[in-house]
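Quick notes on the structure that follows.
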Amino acid sequence: MNEMDVKVETKGEVAVVSVTGSIDTVTAPQLMSALGEQIAAGKVNLVADMSGVDYTSSAGLRALLASLKDSRSKGGDFRLAAPQANVQKVLEMSGFTSILRSFPDVDQAVASFGG
Amino acid sequence: MIVEEETLPAAAASIPRSRKLIERLCDAADVAESTVFALKLAVDEAVSNLVEHAYPGGDGGSFTVRAEADERSVRIEITDTGARFDPTTAPTPDLEANWSDRTVGGLGLHFVRQVMDEVTYASDDAGNHLVLIKNRKDRPDGTTGGR
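In the order they appear, the protein sequences are chains A and B. For the first sequence, the residue numbers in the numbering used here are 1 to 115. For the second sequence, the residue numbers in the numbering used here are 116 to 262.
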């Protein structure tokens, strides 16, 4: 059962990680390692395209927080694009909306890094 | 009343299976999508916690999820025979900490309490019983939309 899929592309200086499916205890490690690989390769400015994510538990937030801390500690940042309503609700319940910047779409999230 | 019940191993693979059980129940009972999401999240977090903590020796324990839906509410009971633990008393995490001090410890059980209308815990000779109840706001008096 493959509940989640991750694809990575680079837009200028920004790594865009497109996630589809459900993020939970089983799938979150795959997301964390995909993001971690980008940061380890020096791509410290990242956007997660969340438009294809229909579900996340707190395990998904653990992956997002780890990537946020990892990228910022290396001088970059990690931002979200286009979270669905249910995922947005989880971000709000966790208070993550105050620490993690989110944009309506990928283009705006990428542009927010200032090219 | 519509009922789904399954006994599953206390292992990570049982987390998505528990969500699928909720999806089946909610499909059959025609539960509103936002309520389905809340139920899936609560069950996921409760089961994730159980998988991680209930059987510290990794001795192949199991748990049972029983979900019941009627016009007014959805009731979910999760029973395990592992270590005694009352999730209703777990501390609320700091939701306003600076990013560098932020952790996700405790968030899962915080979500359970946030999205459900009632969360109760009891333990007896049969083990731990966590009961989660969500009122169906799509059917406030149980008289609309029936089939």
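Every residue, glycine too, gets a C-beta built ideally from N, C-alpha and C. In this text, all values refer to a predicted model and were calculated from it rather than measured experimentally.
How about G176 of chain B: is its C-beta nearer than 8 Å to some C-beta of chain A? Chain A, which has no Cβ nearer than 8 Å to the Cβ of G176 of chain B, makes this no.
Which residue marks the beginning of the beta strand (DSSP E) containing S215 of chain B, and which one marks its end? Boundaries for S215 of chain B: no beta strand (DSSP E) harbours it, and the DSSP string shows neither H nor E there.
Collapsed DSSP secondary structure at F113 of chain A in the structure displayed: Three-state DSSP puts F113 of chain A in coil, outside helix and strand.
Within the same chain, show all residues whose beta-carbon is closer than 7 Å to that of A127 of chain B, passing over the 5 residues directly before and after it, in chain order. V166, listed in sequence order.
To test your reading of the DSSP string, which unbroken beta strand (DSSP E) runs of 3 or more residues are found completely within the region 39-114 of chain A? Listed in chain order, they are 45-56, 77-81.
Which residue comes first and which comes last in the alpha helix (DSSP H) that contains H148 of chain B? Sequence check: residue 148 of chain B is Glu here, not His. Boundaries of the alpha helix (DSSP H) harbouring E148 of chain B: 148-168, taken from the DSSP string.
Take A85 of chain A and list the residues in its own chain whose beta-carbon comes closer than 8 Å to its own, dropping the five residues that flank it on each side. So no residue of the chain qualifies.
Just how far apart, CA to CA, sit M116 of chain B and S188 of chain B? Looking at the two C-alpha atoms, the distance is approximately 10 Å.
Who pairs with R190 of chain B in a beta bridge, going by DSSP? DSSP lists B:E183, B:I248 as partners of R190 of chain B.
Per DSSP, the bridge partner or partners of L123 of chain B: L123 of chain B pairs with B:F178.
Residue range of the unbroken beta strand (DSSP E) whose run includes D142 of chain B: Counting along the chain, D142 of chain B falls outside any beta strand (DSSP E), though it belongs to the alpha helix (DSSP H) covering 129-144.
Would you verify that the beta carbon of A128 of chain B is, or is not, closer than 8 Å to some beta carbon of chain A? Under the 8 Å criterion on CB atoms, A128 of chain B is classed as interfacial with respect to chain A.
Is the separation between the beta-carbon of S67 of chain A and that of F78 of chain A shorter than 8 Å? Contact flag set, yes.
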